[in-house]
Each structure stands twice: as structure tokens, then as C-alpha cells.
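Colleague:
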Amino acid sequence: MKYLQKLGKALMLPVAVLPICGILMGIGYALCPATMQGGEVTGIVQQIGYYLVKAGGALIDNMAILFAIGIGVGLADENDGTGGLAALVSWLMITNLLATANVTVIMPSIAENADATLAFDKIANPFIGILAGVIGGVCYNKFKGTKLPDWLSFFSGKRSVAIVAGVVSIIVSVVLLFVWPILFGALVALGEGIAKLDAVGAGLYAFFNRLLIPFGLHHALNNVFWFDTIGLGDLTHFWAGETSADVTWSLGMYMSGFFPCMMFGIPGAALAMVHTAKSNKKKVAIGLLSSAAIAAFVCGVTEPFEFGFMFLAPVLYVIYALLYAIFTVITVLVGFRAGFSFSAGLTDLVFSASLPAAANTWMIIPLGIAAFIVFYVVFRFAIVKFDLKTPGREDDDNTEAEKSVVLSNDNFTEVAKIVLEGVGGKENVTSIDNCITRLRLEIKDYTKVDEKKIKSAGVAGVIRPGKNSVQVIVGTKVQFVADEFKKLCK
């Protein structure tokens, strides 16, 4: 769980980029419908809209790469950029080795298997990005101090990290060569079974769609329900101007349920997170969650919100997926029908409302209000009841009182030097980190720690949360002390 929380915090770096992309795309689609619906882009207004859509899409479309680099940096000790470079190496290696054109050469039988081919067509997904990020970060932490023979000394230390990450990625690719199509194929089979269950099936699809997003495997289900993988194609038939009379199911049923959840449910859940955030982190939570909520409402870009808590509070993410299932079933039963060509936001709702298969689009108001209230109440209850670590509630072991701590010594180098002596010298330090007010250290031998020595540096206090952990309460100037501490430990 501790590692998942660390992974969740590492994801904050790339996630922070996504909200502005969603807003740009939402405005762009509104100004230039042709970007979404096809047709000629004419006039300065539409050209600006087209430009904004492409600007936002440049990052949204490459979200997996952002995850790879961001996680690589976030997991690396001292957030060293070498971890990000190693993660990029891993991403490029895996996605290239497992590209359809390459795997069909290595294993020609894959070319004859439509499911396997489809699986490798979707290999450049967020799951692989996260996996590459983990490989990059872990390889940095394990091999940053590698010492090689003199004739290979150029590749010692940090320079060896990307090389090791590449080798690890080759091994991982070999495993995925056999495992990935099995996972993907199993999901396609699951989708075929769900499609026979009508409204309940639509709810199950929505549940698994959200649940599989962290792994990028939701693409398998999307291809079953939205496109013509098994003869459905809810999205393609909807935008082709057809109606339910032209197909064997209620057209739009596999898209409609996402609208109340994305447009109203996510803002409700975001508000619950803001209200339950720690007072000293509320502003940060508002900044992240408000922009994520706007992105979801305007154009259905949900990743900034979802990746903001899915690893911090995985139980809450399962609850989130269940709420999608419930509202999808309700939406199908009450007859609300809308479609999307990008995602279930306001922009797509407006554009799809005029299509023949659209029905009772006015019901987005009562459905949306209900979704907002239910998401808010459920999220707030779960967060408080189970003390879930959503944005603004992460464990950083600091209090408001610590923010008012003032160092009695403003010579940060001297403070760091005394603290280092107090924890037994740099040889006894294995990890250096800091939160808003505390210097957080991991040590080898706890018997070498001299708390009196540490306190003589003018700090407010020393906490020993574990046998190999020491936390020094510095106050809001902790970053300056941490920087000096890191210099002394090099």
C-alpha cells in the first residue's frame, strides 16, 4: 500500500498537466465543431478552435508518455531526471518491440489472430506508460551508484540506469508478448458476454470501463461496444445518423450513462474531496480538482480527476466505478440517449443532441443533479469514514502548528550539517525527502541517531515513526535545509 501511495504521488506530476489540455480541447470543439464531426474548417473562429483542439490533444493523445516520464522522475530518489530518461527509454523499447508490425514478424501466427492483432494495436496505452515509469524509477534507485571496471567507467553511476532499464524492458516485452494478447482477448470475451444483458450489461460495461482505465485495458471493451469488433458499434452507428430501428439494441445505450457521471458526478466527487481536504492543503486540492472537474464537464476528459486519486485510494476508485454502473443502468432505463465522438462532456452532448438516435436529452438536468448529489454524498462519506487519502489528505505527517515553526538558525548549510551529524553521517543515510514542514530521512542504523544533537541545530523537534525513519520538524523553510542536506550527502 505504501508503494501504491508513492506511485500515486508520482502520478501527480503528469496529471497536473492534463486539466489545461481538457479545457483547451473543450473550448476548441465549441468553436470548431468540424474538428469533431468532420467538414471544412473555415473562418478565423473555427481555425482558432482547431488550433486549440490540437494544442490540447498533443498532450492528451500522448498521456501514456507523460505518465512514463512523470512516474520515472517521481519514483526516483531525489526526483532525479535520470529516472524520467530511463522511463522514456523503457517506453520506447516496449512500445516498439510490441508494435503490431514487429510482433507479427517475430510470431507470424499473430497476424492470423484478429484479437491478438487488436491487442498489440493498442499497446501504447497508459498501463504501459505506468509500467515504463516504474521500470525507470526503480532502475534509477537500484543502479544509480553502480561502479563498473575502469574500461567501462564512463557508464558507471547514473549513466548505467538507462542501459539497465532498456535491458529490463526487453525482458518485460518478452513476457508481454505472450501475456498481453491473453489479457486483451479475455476482456473481449467478457464484453461479448456482457452485451447479452441489456441495461444490466450496459452497467457492467461502464463499471469495467472505469475499473480498467489504470491499466489501459478498457480499450478492449471499448472496441467491443463502441466499434464493430463483434457486430455492435454503438458509437459508429450513432454518429452515422442511424436509429435503434437500424440495429439490434437501443442505440446509444453504451454511451449515454457516462454523461451524468462525467458532467455532474465528477464535479460532485471533486467538491467532496475539497471539503474533506486538510486545511493546510485545501488550496492545492482546489487547484487540482476544480480544473479536473471543469475538464470533465466541458469535454469529458476524466483522467486528471481519476489518476489524481486512483492510486492514493484504490478502494474509492472501485466505488467510483460502481457509481458509473448504477447511473448507466438508470440512464438506459429512463430513455436518455446521447452519444460522443470524443467523450461524454457538454460539447459532445450539444453536438449529438441533433442526431436521430438522440432522445430525451433534457433529462441530463435531473440525472445530472442526482449524480452530483450521490457522488458528493458517497465520496464524502467514504473519505471520512475510511480516512481515504484523496488529494489534499495525503500523509505528510505535518500539522498546522509546524507551519509556524521558525528556525532559530537561518544558516541552512549549518543546520543541515548539524542534522547530518545527528543522524550518524551520510554513510548512515539511505533516503532523503521532505514534505511541507519536515525533513524525512531513512537510515541504516538507528543507534547512531543523536536527537539532542539534531535539536541543537535550532529545529523544532525530532520524530521517530519507525526503526529506520527520522523526521526533523523544520518548518516551511524545510526545502532549503533539504537542498543543503542533499549536497552534503553527495
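Using UniProt numbering, the first residue of the sequence shown is number 1, and each one after it goes up by one.
We put the CB at the ideal spot given by N, CA and C, even for glycine.
Note that the coordinates shown come from a computational prediction; the quantities given were computed from them, not determined experimentally.
#1: Return the residue from the list I135, D115, N222 that minimises the CA-CA distance to F178.
#2: Quick check on DSSP: helix, strand or coil for N468?
#3: Here's a check: name, in chain order, each residue in its chain whose Cβ is nearer than 7 Å to the Cβ of G268, leaving out the five neighbours to either side.
#4: Please name the residue in K426, G461, K444 whose C-alpha comes closest to that of E484.
#5: Please determine, among L204, I266, F215, the residue with the shortest C-alpha to C-alpha distance to M253.
#6: Can we say the segment 274-286 touches the segment 344-355, given the rule of at least three CB pairs closer than 8 Å?
#7: In whole angstroms, what is the alpha-carbon distance linking A162 and L92?
#8: Would you say the segment 375-389 touches the segment 308-324, given that touching needs at least three Cβ pairs under 8 Å?
#9: When the Cβ atoms of the segment 120-135 are set against those of the segment 40-55, are three or more pairs found closer than 8 Å?
#10: For L439, which residues does DSSP report across the bridge?
#11: Tell whether a beta-carbon distance below 8 Å holds between G70 and Y140.
#12: If you draw a straight line from the alpha carbon of F412 to that of A460, how long is it in whole angstroms?
#13: Leaving out five residues before and five after Y446 in sequence, what residues of the same chain have Cβ atoms less than 7 Å from its Cβ?
#14: Flag this pair as yes or no: are the beta carbons of residue 500 and F225 separated by less than 8 Å?
#15: Confirm, please, whether the CB-CB distance from I443 to V423 is below 8 Å.
#16: In this structure, how does DSSP classify V393 when only helix, strand and coil are distinguished?
#17: Enumerate in chain order the residues of its own chain whose CB-to-CB distance from T347 is below 7 Å, with the five nearest sequence positions on each side excluded.
#18: Applying the criterion that 16 or more other CB atoms from any shown protein chain within 10 Å of the CB defines a buried residue, is A10 buried or exposed?
#19: Quick one: residues in its chain with C-beta nearer than 6 Å to the C-beta of L97, no 5 flanking neighbours on either side, listed in chain order?
#20: Can you tell which of P126, V175, I135 has its C-alpha closest to the C-alpha of H218?
#21: Alpha helix (DSSP H) containing N96: first to last residue?
#22: Using only CA atoms, which one of K142, N223, T248 lies nearest to D198?
#23: Taking T328 as the reference, which of F215, Q479, W180, F258 has the closest Cα?
#24: Please report the straight-line C-alpha distance between L388 and A76, rounded to a whole angstrom.
#25: Return the CA-CA distance between V200 and G233, expressed in angstroms with no decimal places.
#26: Tell me where the alpha helix (DSSP H) around N102 begins and ends.
#27: Going residue by residue through the segment 232-273, where are the continuous alpha helix (DSSP H) segments of at least 4 residues, counting only ones entirely within it?
#28: Hey, W239 and G339 are a contact pair by Cβ (cut 8 Å); roughly how many whole angstroms apart?
#29: Excluding the 5 residues flanking L85 on each side, which residues of the same chain have their C-beta closer than 6 Å to its C-beta?
#30: Under the three-state reduction of DSSP, which class applies to V41: helix, strand or coil?
#31: Going by beta carbon distance, what residues of the same chain come within less than 6 Å of A202, once the five residues before and after it are set aside?
#32: So T146 and D121 are in contact, right, with Cβ under 8 Å, and what is the actual spacing, rounded?
#33: Which residues mark the beginning and the end of the alpha helix (DSSP H) in which L148 is found?
#34: For the ligand FMN, I want to know if S291 counts as a neighbour, meaning its beta carbon is within less than 7 Å of at least one of the ligand's heavy atoms.
#35: Of the residues L235, L187, F227, which one's Cα is nearest the Cα of L212?
#36: On the DSSP bridge assignment, give the partners of R337 in chain order.
Modeller: Inspection of the coordinates gives the following:
#1: Taking only the C-alpha atoms, the option nearest F178 is D115.
#2: Assigned with DSSP and collapsed to three states, N468 falls in coil, not helix or strand.
#3: The beta carbon of G268 sits closer than 7 Å to those of A371, F372, I373, F375, Y376, all from its chain and outside the five residues before and after it, given in chain order.
#4: Looking only at K426, G461, K444, the smallest Cα-Cα distance to E484 is reached by K426.
#5: Here the closest residue by C-alpha is L204.
#6: No, because fewer than three Cβ pairs between the segment 274-286 and the segment 344-355 fall closer than 8 Å, the two stretches do not touch.
#7: If I take the Cα positions, the gap works out to 12 Å.
#8: By the criterion of at least three beta-carbon pairs nearer than 8 Å, the segment 375-389 is in contact with the segment 308-324.
#9: Three or more Cβ pairs closer than 8 Å define a contact, and the segment 120-135 falls short of that threshold against the segment 40-55.
#10: Looking at the DSSP assignment, L439 forms a beta bridge with N434, V472.
#11: The answer is no: Cβ separation not under 8 Å.
#12: Distance between the alpha carbons of F412 and A460 is about 14 Å.
#13: The residues are K467, N468.
#14: Because the chain in this structure spans residues 1 to 490, residue 500 falls outside the shown range and cannot be described.
#15: For the 8 Å CB-CB criterion, V423 and I443 form a contact.
#16: Checking the sequence shown, residue 393 turns out to be Arg, not Val. DSSP places R393 in coil when its eight states are reduced to three.
#17: Once the five neighbours on either side are set aside, the close Cβ partners of T347 are G26, Y29, A30, V298, C299.
#18: Counting Cβ neighbours within 10 Å, A10 comes out buried, since at least 16 surround it.
#19: Around L97, the same chain offers S173 as residues with beta carbons nearer than 6 Å, after the five sequence neighbours per side are excluded.
#20: Taking only the C-alpha atoms, the option nearest H218 is P126.
#21: That run of the alpha helix (DSSP H) goes 81-97.
#22: With distances taken between Cα atoms, D198 lies closest to T248.
#23: Here the closest residue by C-alpha is F258.
#24: Distance from the CA atom of L388 to the CA atom of A76, rounded to whole angstroms, is 25 Å.
#25: One Cα belongs to V200, the other to G233, and the distance between them is close to 18 Å.
#26: N102 -> alpha helix (DSSP H) spans 100-106.
#27: Within the segment 232-273, the runs of alpha helix (DSSP H) that reach at least 4 residues and sit entirely inside it are, in chain order, 234-239.
#28: Rounded, the Cβ-Cβ distance is 6 Å, consistent with contact.
#29: Within its own chain, the residues whose Cβ lies closer than 6 Å to the Cβ of L85, once the five positions on either side in sequence are excluded, are A162, listed in chain order.
#30: DSSP, reduced to helix, strand and coil, places V41 outside both helices and strands of the structure shown, so it counts as coil.
#31: Around A202, the same chain offers M253, Y254, T328, V332 as residues with beta carbons nearer than 6 Å, after the five sequence neighbours per side are excluded.
#32: So it is not a contact: roughly 37 Å between Cβ atoms.
#33: No alpha helix (DSSP H) holds L148; DSSP gives it neither H nor E.
#34: For the ligand FMN, the structure offers nothing, since it holds no ligand at all.
#35: Minimum Cα distance to L212 is reached at L187.
#36: DSSP, once it has assigned bridges, lists A359 as partnering R337.
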